[in-house]
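**Q**
Spelled out as structure tokens, the structure:
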């Protein structure tokens with residue numbers, strides 16, 4: 031009887047843990063779709079399609095040099111010098127992220143999890159990475175095919191969004207492709223205030 035009760039307690043504890051984790055993920059996904067649709071409508075209105083799969087965020091982005099800041103200038107926070115040249119230090123020094131936020135986000139970044147996006151939740155069509163790759167490689171003019179299918183040769187690929195613990199701050203990398211010589215990427219730092227998401231910082235990562 032004791033063994034049975036112990037097994038039941040273990041099962042209940044495991045179920046509770048998984049339920050909490052799933053609830054947290056569902057909240058993150060719900061918030062992601064809110065700001066993803068905002069971005070598609072107002073920041074990327076020219077895009078016709080989104081890749082279904084997100085990609086894992088590289089934790090090394092924390093050390094990317096912020097082009098908006100002079101990497102040679104040092105600032106002080108709590109009496110300690112801070113190099114504002116990196117994205118991480120810029121966010122911390124300007125109090126957009128706390129040390130607790132950074133620790134939590136770095137832990138999530140290391141998990142390398144990805145999502146498959148839901149076409150019902152996004153305002154524009156989605157296409158799987160495999161199908162997209164096959165279609166683009168077999169076409170003589172992939173940009174024309176994209177335009178015929180989706181009304182635009184441009185499509186987006188979202189990174190796995192990374193949230194802080196209370197889901198009020200998010201970091202998202204976006205890649206936009208419109209052709210072999212027409213691409214763009216950026217990292218966005220978003221915050222939620224009064225129920226709305228806004229972009230607080232953005233860093234251009236590449237242009238082709």
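Numbering (this note's numbering), first residue to last: 31 to 238. For every residue, glycine included, the Cβ atom is placed at its ideal position computed from N, Cα and C.
Buried or exposed: which applies to residue 84, given that a residue is buried once 16 or more other Cβ atoms fall within 10 Å of its Cβ?
**A** Buried, because 16 or more other Cβ atoms sit within 10 Å of the Cβ of residue 84.
**Q** Can we say the stretch 173-189 touches the stretch 69-82, given the rule of at least three CB pairs closer than 8 Å?
**A** They touch, by the three-pair rule.
**Q** Please report the residue range of the alpha helix (DSSP H) in which residue 179 lies.
**A** Note, residue 179: alpha helix (DSSP H), 172-180.
**Q** Within a Cβ cutoff of 6 Å, which residues of the same chain sit near residue 156, ignoring the five residues on either side of it in sequence?
**A** Only 80, 82, 147 and 149 meet the Cβ criterion.
**Q** Unbroken beta strand (DSSP E) runs of length 3 or more, entirely within the stretch 107-170: which are they?
**A** Fully enclosed beta strand (DSSP E) runs of 3 or longer: 110-113.
**Q** In angstroms with no decimal places, state the Cα-to-Cα distance between residue 162 and residue 185.
**A** Approximately 10 Å, taken between the alpha carbons.
**Q** Output needed for residue 173: all residues of its chain with C-beta closer than 8 Å, excluding positions within five of it in sequence on either side, in chain order.
**A** Once the five neighbours on either side are set aside, the close Cβ partners of residue 173 are 183, 208 and 209.
**Q** Using the three-state DSSP reduction, which class does residue 207 fall into: helix, strand or coil?
**A** Strand at residue 207.
**Q** Please name the residue, chosen from 200, 63 and 71, that lies closest to residue 131 on a Cα-to-Cα basis.
**A** The option with the nearest alpha carbon to residue 131 is 200.
**Q** Which partner residues of residue 73 appear in the DSSP bridge assignment?
**A** For residue 73, which the question treats as bridged, DSSP gives no partner whatsoever.
**Q** Is it true that the CB of residue 188 sits closer than 8 Å to the CB of residue 166?
**A** Cβ atoms of residue 166 and residue 188: not closer than 8 Å.
**Q** Between the Cα of residue 72 and the Cα atoms of 236, 238, 233 and 228, which residue gives the shortest distance?
**A** Answer by Cα proximity: 228.
**Q** On a CA-only basis, which of 238, 232, 160 and 214 is nearest residue 120? Give me that one, please.
**A** Selected option, being the one with the closest Cα: 232.
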